[in-house]
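**Student:** Handing you a structure now.
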Amino acid sequence: MNIGNPYSFLVSTIRNQGAVNNSPSVELGKIVSAAPLTVTIGDLQLTSSNLLLADYLKEGYERTLEVSGTENVYTAKSNLNNNDTVALIKISDSSFLILCKVVEA
Numbered sequence: 018m019n020i021g022n023p024y025s026f027l028v029s030t031i032r033n034q035g036a037v038n039n040s041p042s043v044e045l046g047k048i049v050s051a052a053p054l055t056v057t058i059g060d061l062q063l064t065s066s067n068l069l070l071a072d073y074l075k076e077g078y079e080r081t082l083e084v085s086g087t088e089n090v091y092t093a094k095s096n097l098n099n100n101d102t103v104a105l106i107k108i109s110d111s112s113f114l115i116l117c118k119v120v121e122a
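Put into structure tokens, the structure is as follows:
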């Protein structure tokens, strides 16, 4: 078996094996369309069939909050708009999870 330069082969093997346990990185995407939901990450365009999102980002999401013994139900309005930046993480070969909307500090 001819493996060429054994040092290059060793470095390549170490890199490949090290990458196996790396967690996916957070990526930034841009909302192209809020309805239907379409997001781009660079040249990659993702549609609602490729996306999951945090519940509080979904329009119509309801949350019950209790303050000083009084419960109120709050319904989310449109949280994602065209040109918003979102943080995403890849969860499979074809699916991404929108973690949150991000803004400049």
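FYI, the working numbering numbers position 64 of the sequence shown as 81, with every residue one higher than the one before it.
Ideal Cβ placement from N, Cα and C applies to all residues, glycine included.
At which residues does the beta strand (DSSP E) containing VAL56 begin and terminate?
**Tutor:** Reading the sequence shown from its first residue, position 39 is the one you call residue 56. It spans 54 to 58 - the beta strand (DSSP E) in which VAL56 sits, taken as one unbroken run.
**Student:** Using 8 Å as the Cβ pair cut-off and three pairs as the minimum, do the region 89 to 108 and the region 68 to 80 touch?
**Tutor:** Yes, they touch.
**Student:** Using three-state DSSP, classify TYR78 as helix, strand or coil.
**Tutor:** As a working mapping, residue 78 is identified with position 61 in the sequence shown. In this structure, TYR78 counts as coil in the three-state DSSP scheme.
**Student:** For GLU44, which option in LYS107, GLU121, SER111, SER112 has the closest C-alpha, if you only look at C-alpha atoms?
**Tutor:** Taking the first residue of the sequence shown as position 1, residue 44 is located at position 27. The shortest Cα separation from GLU44 among LYS107, GLU121, SER111, SER112 belongs to LYS107.
**Student:** Using only the alpha-carbon positions, how far apart do GLU83 and THR30 sit?
**Tutor:** Within the sequence shown, numbered from 1, the residue matching residue 83 stands at position 66. Within the sequence shown, numbered from 1, the residue matching residue 30 stands at position 13. Rounded to whole angstroms, GLU83 to THR30 spans 55 Å at the Cα level.
**Student:** Nearest-angstrom Cα distance between ASN5 and ASP110?
**Tutor:** A query on residue 5 cannot be resolved here, the shown segment of the chain reaching from 18 to 122 and no further.
**Student:** Could you tell me if VAL103 is buried or exposed, where buried requires 16 or more neighbouring beta carbons within 10 angstroms of its beta carbon?
**Tutor:** By one-based count along the sequence shown, residue 103 stands at place 86. Buried, because 16 or more other Cβ atoms sit within 10 Å of the Cβ of VAL103.
**Student:** Just curious, the beta strand (DSSP E) that GLU88 is in, first and last residue?
**Tutor:** On the sequence shown, position 71 is the one that residue 88 refers to. Run containing GLU88: 87 to 92, per the beta strand (DSSP E) assignment.
**Student:** Please report the residue range of the beta strand (DSSP E) in which SER66 lies.
**Tutor:** For the purposes of this step, residue 66 is taken as the residue at position 49 of the sequence shown. Careful: SER66 lies outside any beta strand (DSSP E) and carries neither H nor E.
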